[in-house]
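Letter 130 of the sequence shown, counting from 1, is numbered 1118 in this note's numbering, and no numbers are missing.
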Amino acid sequence: MKFGAPGPGPAELLDLRRRDGAKLALFLDFDGTLLEVAPTPGAAVAPEGLPDLLGELSAALGGALALVTGREIADLDLRLAPYRGAAAGVHGAEIRFDPERQATLKAEALDPAVLEDIRRLAGFEPRFLIEDKGASIAVHFRAAETAEPFLERKLTDYVAGSRGGLRLLRGRKVFEVLGGGFSKGEAVARFMAAQPFAGRTPVMIGDDLTDQLAMQACIALGGFGFAVAGDLFRADQADFAGPEAVRAWLRELAALMGDAGGRAP
Ligand SMILES: [Mg+2]
């Protein structure tokens, strides 16, 4: 893999599965990983066949598949219906272990004053899209890219001056202000401590800075982190050229597991 410690890439991992029947736990980011990044978060539409593919994979992995996203889990469910699986939302602020139930872990929502503060310091610029996700407030600036340094300065100062332990997270054309105590890496570690994930080899696929913590968590547990090319990883630094290549790999994995002929999922 090109991210983190040297090791097998996605193709070699399929070989490993073929040869040894390696038991995998799969962690997948959503935007920019399973589908192209849309101009606005609300415009993202799952490609045809993706919900079925995820359902098939999750069943083949005995449920050891979790989406790990910056979106709220409820938002994810809406976009992937009828698929509904284990998931971590809002960068790990929400965790749903059991797809039949609501999120069992939920970080506290930010003080409503934070939203007001951020609206004000963003200057009510209509091209910024401010999204209130409870435990996080995202400021998307894809429609106003030149404003990035301005926004970064304002938000960095705000977070530094806050008393509530706020953090600033940078993503693809988005800044997020969130509270402490959770991350995508933390979410992966929590899943891996629970069934049906425990004891499997974890694999995280992602395209963004926030995904790197989840990749590191997988590597620390003897697993793998695969990067998808985009704004952050150049094609020659990434394991996948884009979401299309990720979906093709997932289809290959699903086919492989379907052929396993009674071998443990
Ligand atoms: Mg992403």
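Virtual Cβ for every residue (Gly too), placed ideally from N, Cα, C.
Any idea what DSSP makes of residue i, helix, strand or coil?
i, result
"A1242", "helix"
"L1041", "helix"
"E1036", "coil"
"S1171", "coil"
"L1098", "coil"
"A1076", "strand"
"E1113", "coil"
"A1052", "coil"
"L1166", "strand"
For the alpha helix (DSSP H) holding residue i, just list the boundary residues, first then last.
i, result
"P998", "P998 to D1008"
"G1159", "Careful: G1159 lies outside any alpha helix (DSSP H), inside the beta strand (DSSP E) at R1155 to G1159."
Should residue i be counted as a contact of ligand 1 given a C-beta to heavy atom distance under 7 Å?
i, result
"D1017", "yes"
"D1120", "no"
"A1173", "In the sequence under discussion, the amino acid at residue 1173 is Gly, which differs from the Ala named in the question. No, Cβ of G1173 sits at least 7 Å from all heavy atoms of ligand 1."
"D1063", "no"
"D1219", "no"
"G1194", "yes"
Please report the straight-line C-alpha distance between residue i and residue j, rounded to a whole angstrom.
i, j, result
"A1175", "L1066", "21 Å"
"R1178", "K1172", "10 Å"
"K1011", "F1221", "28 Å"
"R1107", "L1098", "14 Å"
"A1135", "V1162", "11 Å"
"A1148", "D1008", "50 Å"
"F1085", "V1216", "25 Å"
"F1138", "D1105", "15 Å"
"L1244", "L1201", "28 Å"
"E1164", "L1068", "23 Å"
"A1229", "F1018", "15 Å"
Does residue i come within less than 8 Å of chain B when only Cβ atoms are used?
i, result
"G995", "In the structure shown, chain B cannot be found, because there is only a single protein chain."
Which two residues bound the contiguous beta strand (DSSP E) that contains residue i?
i, result
"T1189", "T1189 to G1194"
"L1068", "From DSSP, L1068 is part of no beta strand (DSSP E) but of the alpha helix (DSSP H) over I1061 to L1068."
"R1084", "E1082 to R1084"
"L1014", "L1012 to L1016"
"F1228", "Per DSSP, F1228 belongs to no beta strand (DSSP E) and is neither H nor E."
Rounded to whole angstroms, how far is the Cβ of residue i from the Cβ of residue j, which I believe are closer than 8 Å?
i, j, result
"V1078", "G1058", "7 Å"
"V1191", "F1212", "5 Å"
"A1081", "A1123", "4 Å"
"R1130", "D1219", "Between D1219 and R1130 the Cβ distance is about 10 Å, and since that is not below 8 Å, they are no contact."
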